[in-house]
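*Asks:* Shown below is the structure under consideration.
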Amino acid sequence: MLPWQRGVHVYDVPFFSLPFLIFLALTLIGLGLSVLRAFGGLGFTGMSDAYAWGIWKTFNVMTLTALGSGGFAIGIAAWIFKWERLHLVMRTALLTSFVFYFAGLLALTVDVGRPWNMWHLLFPSHWNPESSLLEVAVCMPLYAMIFLAYENLPPLWERLYVHASDGIRRAMRSVFPVLKWLYPFFVAGAYVLPAMHQSSLGALLLLSGDKLHPLWQSQMLPLLYVIQAGVAGTACVMVTLMAGCLVWRRRLDLTTLGDLGKLMGYISLLFLALRWGDIIARGQLGAAFTSDGFSVLFHVENLSVLVPTLFMLQPKQRRRPRVLFLSAVTAMLGAMMYRFIPTTIAFVPGELKFYFPSALEVLMSAGYVSLTIVLYTAAVKLFAIVPASLEEWYEAVAWARENFRTIRVDSHGKATRD
Amino acid sequence: MSLNRRDALRVLSQGAAGTATLAACGTAQASAKNRPIAPDRDAVGMLYDATICTGCKACVSACTSANGLVPDTVLSNGLWQMPQDLNAQTKNIIKLARGEDTAETSYVKRQCMHCLEPACVSGCPFGALMKRGTDGVVTWDADRCIGCRYCEVACPFEVPKFEWANFNPRIVKCELCSHRLADGGQPACTEVCPTHAVIFGTRSDLLAEAKARIERSPGRYFEDRVYGEKDGGGTQVLYLSGLPFANLGLPTLGEESVAAYGSKVHSVVYKWLALPLTLYVFLTAIIKRRFDSHEDHAQNKAKQTGLPSQL
Chain H
3 MLPWQRGVHV YDVPFFSLPF LIFLALTLIG LGLSVLRAFG GLGFTGMSDA YAWGIWKTFN
63 VMTLTALGSG GFAIGIAAWI FKWERLHLVM RTALLTSFVF YFAGLLALTV DVGRPWNMWH
123 LLFPSHWNPE SSLLEVAVCM PLYAMIFLAY ENLPPLWERL YVHASDGIRR AMRSVFPVLK
183 WLYPFFVAGA YVLPAMHQSS LGALLLLSGD KLHPLWQSQM LPLLYVIQAG VAGTACVMVT
243 LMAGCLVWRR RLDLTTLGDL GKLMGYISLL FLALRWGDII ARGQLGAAFT SDGFSVLFHV
303 ENLSVLVPTL FMLQPKQRRR PRVLFLSAVT AMLGAMMYRF IPTTIAFVPG ELKFYFPSAL
363 EVLMSAGYVS LTIVLYTAAV KLFAIVPASL EEWYEAVAWA RENFRTIRVD SHGKATRD
Chain X
-12 MSLNRRDALR VLSQGAAGTA TLAACGTAQA SAKNRPIAPD RDAVGMLYDA TICTGCKACV
48 SACTSANGLV PDTVLSNGLW QMPQDLNAQT KNIIKLARGE DTAETSYVKR QCMHCLEPAC
108 VSGCPFGALM KRGTDGVVTW DADRCIGCRY CEVACPFEVP KFEWANFNPR IVKCELCSHR
168 LADGGQPACT EVCPTHAVIF GTRSDLLAEA KARIERSPGR YFEDRVYGEK DGGGTQVLYL
228 SGLPFANLGL PTLGEESVAA YGSKVHSVVY KWLALPLTLY VFLTAIIKRR FDSHEDHAQN
288 KAKQTGLPSQ L
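Protein chains in written order, with this note's numbering: chain H, 3 to 420; chain X, -12 to 298.
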């Protein structure tokens, strides 16, 4: 079986497929409601003074930006730990990261009650440096809109170059060395910033004090959150890649996917060691083995990370597509649970209240999730993102020759314009 | 500046972490600047004695009119003020509490506690909630609040309330009638209280008064102690009660404030951004090297295969 060699467009499928249109419709509904929300406050949501944070923050931001940490985790493995093969999936990782962060930031903007005061963000003298939320508010847009966006430039640049006129091409060629020289500076920032805000997401919960169940409340939350982001991000990239191969009938590269599985296993192992070490160090082992719902939740959450890890640490299991996929999905769900539970189920305010999102709230949340799918599927059809074998590359080149008469593609895939 | 006990503790803990004493003093000063802690002699507050309160609720209506709030009449079909709890229309409330095993009841007054180290102020991203340096009152600034509601998540007493249905929503909580204090007056609730169950004064005076009452009537007050002296790092509103404080709805908190617990790691990691910046420089150096070799490799491969390299 040929391993993946380079990113290739998803080209032989209709752009507006039926699932795409469904997700697009959901996105538009979500965005439409978001616009209406600006005129009507937050009274229509299920949130209350006791549960002041609803699913937009706890799911769309807390949970889904963890899934969007693939570019962060795999990037560190590829660039810093020289895991060369993982460079092949970096485009996918960076794109998933960008779409999750983009949708998360949108959800945050809608969730904020007094958005017109957000301009304070631009003036460091107005910041409260002690606030973890400030750290998230500054760091997250900075990362997604500048550093992560920059990392995502190459596929866009390639496509632009193919379609550009000669004059623009000359300009692009003269700018290119500068952009390339700057790239490492952006890459480095793209690892420092997520380390900061993913840990700060955990630090947010420290101030909730005793309202958070002791199985989750810990000074280790920031560290655990950033490590769990690595598990979630890597698992999400695996799921995205494999689902993409399935849907668009691409060949799987089990060596590269196995590498991702191995990476996920290592990070999960580190996470579990710290998680259990922390529980034991804080003397909460007893709370983990009671018969109440929280300890059940705790074990479900832990096992959904542990079981895939046990599989992913065996080279033989990493060669089996089914095991790879199921492990990635399970670990992803486990990681999502670790992000979602502390802000919702294990968050017990003194005032006896119950939070369940309202229908409109869910619809808007679904809209932001659909937005990530729409952006991702649109991008892979426009840009060379999803990894494929050389054979598939040449097939794509032949297809392009056939279908784009205005663009001349030589036998190697170098494109010129008539 | 005068160091209070909590600052001293923070200095000690940081000293133990290996910081030089001098640097530790600097740290204490820096965090005091971030979270101004009014010294005891200037801090003002209230003392509420639940054993004296008759539950007349004069303070509730006085608070409503002094703060220009619309009375909450939901439960009374629009007839009279009848809030169920603190909410976006109610900054101060009298509730009836019952003991665990006894039929004994007690009134309890709830409003902002004006913590010495408020969690809401610690978490507020742009300093909309501020602890005033002069008297330690925790105030809210509409021009700085982005409506994130982190204060509601953070407050251990669940005091700040949010105007959910308003398109221009405000955070509503007791600000100790700071507009009346500015005119040299006192909060509306303490002014109208007919039995002096709630009184206004400096925190140190109130604490002394509370302790004197305990001394005068041993056994009258639960655990013979003042709630808020040390609870949650100390509050500027103090409570005396015959029933257990937990029954009055006052949470059982340790002596460490939530704010101190929450900012322990943060204050070290983000001090002058030294750690993130060092990490950035270090990573840039590594990645620059890796990037160059990666690019060389990619260019060679591109020459071999004739395919343009992809980053």
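For glycine and all other residues, C-beta sits at the position ideal for the given N, C-alpha and C. Just so we're clear, the structure is a prediction, and the values are computed from it rather than from any experiment.
Mind checking which residues open and close the alpha helix (DSSP H) that includes residue 395/H?
*Replies:* 392 to 405
*Asks:* Along the region 118 to 144 of chain X, what residues have a CB closer than 7 Å to any CB found in chain H?
*Replies:* Taking 7 Å as the Cβ-Cβ cut-off against chain H, the residues of the region 118 to 144 of chain X that qualify are 130, 131, 132, 133, 134, 135, 136, 137, 139, 140, 141 and 143.
*Asks:* Leaving out five residues before and five after residue 215/H in sequence, what residues of the same chain have Cβ atoms less than 7 Å from its Cβ?
*Replies:* 296, 348 and 350
*Asks:* Taking only beta carbons into account, state which residues of the region 203 to 222 of chain H come closer than 8 Å to chain X, listed in chain order.
*Replies:* 205, 206, 208, 209, 210, 211, 212, 213 and 221
*Asks:* Whose Cβ in chain H lies nearer than 7 Å to the Cβ of residue 271/X?
*Replies:* 186, 187 and 190
*Asks:* Using a 10 Å radius around the Cβ and a threshold of 16 neighbouring Cβ atoms, would you call residue 320/H buried or exposed?
*Replies:* A residue is called buried when at least 16 other Cβ atoms come within 10 angstroms of its Cβ; residue 320/H meets this threshold and is buried.
*Asks:* Could you give the DSSP three-state label for residue 12/X: helix, strand or coil?
*Replies:* Note that residue 12/X has pLDDT 37, beneath the 50 cutoff, so the model's placement of it is unreliable and no number is given.
*Asks:* Could you tell me which uninterrupted alpha helix (DSSP H) segments, each at least 4 residues in length, are contained entirely in the region 125 to 170 of chain X, listed from first to last along the chain?
*Replies:* 137 to 141 and 165 to 169
*Asks:* What are the start and end residues of each continuous alpha helix (DSSP H) run of 4 or more residues lying completely inside the region 80 to 164 of chain H, in chain order?
*Replies:* 92 to 113 and 134 to 144
*Asks:* Could you tell me how far apart the beta carbons of residue 99/H and residue 71/H are, in whole angstroms, since I believe they sit closer than 8 Å?
*Replies:* 7 Å
*Asks:* Given this structure, state the Cα-to-Cα distance separating residue 285/H from residue 219/H, to the nearest angstrom.
*Replies:* 12 Å
*Asks:* Chain H beta carbons: is any one of them nearer than 8 Å to that of residue 186/X?
*Replies:* Not an interface residue.
*Asks:* Nearest CA to the CA of residue 142/H: which residue from 119/H, 152/H and 104/H?
*Replies:* Minimum Cα distance to residue 142/H is reached at 104/H.
*Asks:* Starting from the beta carbon of residue 133/H, find every residue of chain X whose beta carbon is closer than 8 Å, and list them in chain order.
*Replies:* 109, 110, 111, 112 and 137
*Asks:* What would DSSP say about residue 423/H, mapped onto helix, strand or coil?
*Replies:* The question about residue 423/H has no answer here: the residues shown for chain H are numbered 3 through 420.
*Asks:* Using the Cβ count rule (16 or more neighbours within 10 Å means buried), how would you classify residue 67/H?
*Replies:* buried
*Asks:* Note down, in chain order, every chain X residue with its Cβ under 9 Å from the Cβ of residue 2/H.
*Replies:* As displayed, chain H neither begins before 3 nor continues past 420, which places residue 2/H out of reach and without an answer.
*Asks:* Do you know how far the Cα of residue 268/X is from the Cα of residue 259/X?
*Replies:* 15 Å
*Asks:* Which of the three DSSP states is assigned to residue 35/X in this structure?
*Replies:* Correct three-state label for residue 35/X: strand.
*Asks:* Kindly list, in the order they appear in chain H, the residues whose Cβ is closer than 7 Å to that of residue 298/X.
*Replies:* 156
*Asks:* Opposite residue 77/X in the DSSP bridges: which residues?
*Replies:* Per DSSP, 74/X.
*Asks:* For residue 142/H, return the contacting residues in chain X, with the cut-off set at a CB-CB distance below 7 Å.
*Replies:* The premise fails here: residue 142/H is roughly 12 Å from chain X at the closest Cβ pair, so nothing lies under 7 Å.
*Asks:* List the residues of chain H whose Cβ lies closer than 7 Å to the Cβ of residue 153/X, in chain order.
*Replies:* 43
*Asks:* Could you check the C-alpha separation between residue 374/H and residue 28/H for me, to the nearest Å?
*Replies:* 11 Å
*Asks:* Based on DSSP bridge pairs, tell me the residues matched to residue 121/X.
*Replies:* According to DSSP, residue 121/X bridges with nothing at all.
*Asks:* Taking the alpha helix (DSSP H) that residue 20/H belongs to, which residues open and close that run?
*Replies:* 20 to 42
*Asks:* Taking only three categories from DSSP, how would you classify residue 273/H?
*Replies:* helix
*Asks:* State buried or exposed for residue 8/X, treating a residue as buried only when at least 16 other CB atoms are found within 10 Å of its CB.
*Replies:* Residue confidence for residue 8/X is low, a pLDDT of 34 falling below 50, so the modelled location carries little weight; the figure read from the coordinates is stated next. By the neighbour-count rule (16 or more Cβ atoms within 10 Å), residue 8/X is not buried but exposed.
*Asks:* Which whole runs of the beta strand (DSSP E) in the region 216 to 256 of chain X are 3 residues long or more, in chain order?
*Replies:* 224 to 227
*Asks:* What are the boundary residues of the beta strand (DSSP E) that includes residue 252/H?
*Replies:* From DSSP, residue 252/H is part of no beta strand (DSSP E); its letter is neither H nor E.
*Asks:* Leaving out the 5 sequence neighbours to the left and right, which residues in its chain are closer than 7 Å to residue 113/X when beta-carbon positions are compared?
*Replies:* Excluding sequence positions up to five before and after residue 113/X, its CB lies within less than 7 Å of the CB of 131 and 133, all in the same chain and listed in chain order.
*Asks:* Terminal residues of the continuous alpha helix (DSSP H) containing residue 63/X?
*Replies:* Per DSSP, residue 63/X belongs to no alpha helix (DSSP H) and is neither H nor E.
*Asks:* CA-CA distance, residue 337/H and residue 126/H?
*Replies:* 33 Å
*Asks:* Any idea if residue 261/H is buried or exposed, counting beta-carbon neighbours within 10 angstroms, 16 or more meaning buried?
*Replies:* Under this definition residue 261/H is a buried residue.
*Asks:* Listed from N- to C-terminal order along the chain, which residues in the region 86 to 106 of chain X have their beta-carbon within a distance smaller than 8 Å of any beta-carbon of chain H?
*Replies:* 106
*Asks:* Within the 8 Å Cβ cut-off, does residue 119/H reach chain X?
*Replies:* Cβ-Cβ to chain X under 8 Å: yes for residue 119/H.
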